[in-house]
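Report on one structure; see the data block that follows.
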Amino acid sequence: MTTTATRASSPGSQPADPMVPRRYVITHVRQDTRDTFTLLLDPADGGPPLDFAAGQFTMLHAFGVGEVPISISGDPASPAPLEHTIRNVGAVTRALVEAAPGTEIGVRGPFGTSWDADDAVGHDVVFVTGGIGLAPLRPAILDVLRNRDAYGKVLLLYGSRTPDDILYGHEMHRWADLDGVNLQMTVDNAPYGYKGKVGFVTELVARAGFDPRNAFAFVCGPEVMMRSAATALNARGVPKPKIRLSMERSMKCGVGLCGHCQLRELFVCVDGPVLDFARLEPLMNVREL
Ligand SMILES: Cc1cc2nc3c(=O)[nH]c(=O)nc-3n(C[C@H](O)[C@H](O)[C@H](O)COP(=O)(O)OP(=O)(O)OC[C@H]3O[C@@H](n4cnc5c(N)ncnc54)[C@H](O)[C@@H]3O)c2cc1C
Ligand code: FES
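Quick note on UniProt numbering: the sequence shown kicks off at 1 and runs consecutively.
Next comes the structure, spelled out in structure tokens:
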């Protein structure tokens with residue numbers, strides 16, 4: 001068993017020069033929430049799909065607008081079409097989610113480390129996530145559920161700002177109903193009469209039913225939420241090397257050349273984005289350059 005997430009290999013379909021985007025066609029755009037959309041992509045050249053590992057990201061290029069890092073949200077075991085779930089927050093993400101089917105975009109990657117859910121075999125598995133953080137975790141959840149019997153309890157603790165911001169709601173309930181996932185959801189704010197839990201997702205960690213001495217945790221969301229969730233998991237007894245987080249930093253090259261994503265001695269694009277809490281904890285207060 002490794003104690004930290006490892007750099008994933010990407011055999012096959014990656015162009016020789018990682019700075020050269022491969023052209024993809026948007027085949028479908030699905031609206032998930034008010035501001036979040038999932039894009040399905042096929043290679044424009046009709047070539048092989050992109051092999052990737054859960055947790056890796058690509059650089060998506062909206063021609064004439066710019067390029068942004070976005071995690072792959074699809075199933076690593078069936079990589080076609082290529083899936084990305086994107087929140088519309090600015091110029092490039094807006095151009096991507098507003099592109100019509102048939103539009104070509106550029107894709108570089110896949111880049112970065114993976115969740116490596118295999119390391120959690122034999123453990124209880126706790127996914128803690130908030131908002132769109134579920135998108136980068138979805139491939140790891142699918143990896144675990146594909147091999148469900150190899151794991152102990154599987155818990156998914158999910159928080160969103162409001163009930164309308166819940167991502168992949170139907171799919172989460174399917175995982176709970178068909179795959180024995182212990183799903184616990186909460187929202188920060190709810191309208192009058194809402195029957196579900198209200199509060200921060202990190203508050204669910206203290207009471208969740210798992211064996212902390214034999215648990216592995218995967219955490220993805222805003223940095224303040226990840227820090228608080230990882231601290232709560234560790235306080236319950238989950239060892240820091242068994243708590244993995246996915247870091248976000250401003251990125252330009254994605255391949256360790258430009259330094260935009262530097263976090264003290266780490267380049268998040270190649271040393272991350274998935275890193276364990278033992279390594280990340282001292283760095284999580286370092287501001288972005
Ligand atoms: C490894 C990695 C994986 C990512 N995966 C996803 C994903 O799966 N889905 C997704 O929607 N986004 C993801 N992001 C974030 C995404 O890259 C940014 O939202 C995007 O770069 C914003 O670009 P923009 O031009 O649309 O907006 P900008 O004009 O650059 O920014 C608009 C606003 O969003 C804020 N912002 C910019 N970048 C981020 C960020 N990284 N986190 C939080 N706020 C930000 C800015 O401060 C600004 O207020 C990921 C980032 C990284 C580093
Ligand atoms: S984005 Fe250029 S070094 Fe990481």
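For each residue, glycine too, the CB sits at the ideal point set by N, CA and C.
Since the model is a prediction, treat every value here as computed from it, not as a measurement.
Check whether the Cβ of residue i sits closer than 7 angstroms to any heavy atom of ligand 1, and report yes or no.
| i | result |
| --- | --- |
| Val68 | yes |
| Met251 | yes |
| Phe52 | no |
| Val224 | no |
| Thr85 | yes |
| Pro21 | no |
Compare the beta carbon distance of residue i and residue j with 8 angstroms and say whether it is the shorter of the two.
| i | j | result |
| --- | --- | --- |
| Tyr24 | Ile86 | no |
| Ser73 | His84 | yes |
| Ala100 | Val144 | no |
| Thr27 | Gly109 | no |
| Val29 | Leu41 | no |
| Leu156 | Phe127 | yes |
How far does the alpha helix (DSSP H) with residue i in it reach, from first residue to last?
| i | result |
| --- | --- |
| Cys220 | Here Cys220 belongs to no alpha helix (DSSP H); instead the beta strand (DSSP E) covers Ala215 to Cys220. |
| Val93 | With the sequence shown as reference, residue 93 is identified as Thr, and Val is not the correct amino acid for it. Counting along the chain, the alpha helix (DSSP H) containing Thr93 begins and ends at Ala91 to Val97. |
| Leu204 | Thr202 to Val205 |
Assuming residue i is part of the beta strand (DSSP E), what are its boundary residues?
| i | result |
| --- | --- |
| Asn182 | Val181 to Val187 |
| Met59 | Phe57 to Ala62 |
For residue i, verify whether its CB is less than 7 angstroms away from any heavy atom of ligand 2.
| i | result |
| --- | --- |
| Phe57 | no |
| His61 | no |
| His123 | no |
| Val268 | yes |
| Gly259 | yes |
| Thr254 | Here residue 254 turns out to be Gly, not Thr, going by the sequence shown. Indeed, a heavy atom of ligand 2 lies less than 7 angstroms from the Cβ. |
Out of the options, which has the shortest C-alpha to C-alpha gap to residue i?
| i | options | result |
| --- | --- | --- |
| Thr33 | Asp211, Pro239, Cys269 and Leu167 | Leu167 |
| Ile70 | Pro79, Gly55, Ala217 and Pro81 | Gly55 |
| Ser160 | Ala135, Val181, Ile141 and Arg146 | Ala135 |
| Val92 | Asp119, Ala80, Gly64 and Gly237 | Gly64 |
| Cys269 | Gly259, Ala278 and Phe277 | Gly259 |
| Ser250 | Gln262, Lys240 and Pro241 | Gln262 |
| Gly112 | Leu283, Leu275 and Gly180 | Leu275 |
| Thr186 | Gly131, Arg279 and Asp211 | Gly131 |
Under a Cβ-count criterion, where at least 16 other Cβ atoms within 10 Å of its own Cβ denotes burial, should residue i be classed as buried or exposed?
| i | result |
| --- | --- |
| Pro11 | The predicted position of Pro11 is uncertain, since its pLDDT is 44 and thus under 50; no value can be drawn from it. |
| Ala206 | exposed |
| Glu98 | exposed |
| Glu67 | buried |
| Val224 | exposed |
| Ser9 | Any reading at Ser9 is ruled out, since the residue's pLDDT is 44, under 50, leaving its predicted position unreliable. |
| Ser228 | buried |
| Gly272 | buried |
Does the Cβ of residue i lie closer than 7 angstroms to at least one heavy atom of ligand 4?
| i | result |
| --- | --- |
| Thr231 | Among the ligands modelled here, namely ligand 1 and ligand 2, ligand 4 does not occur. |
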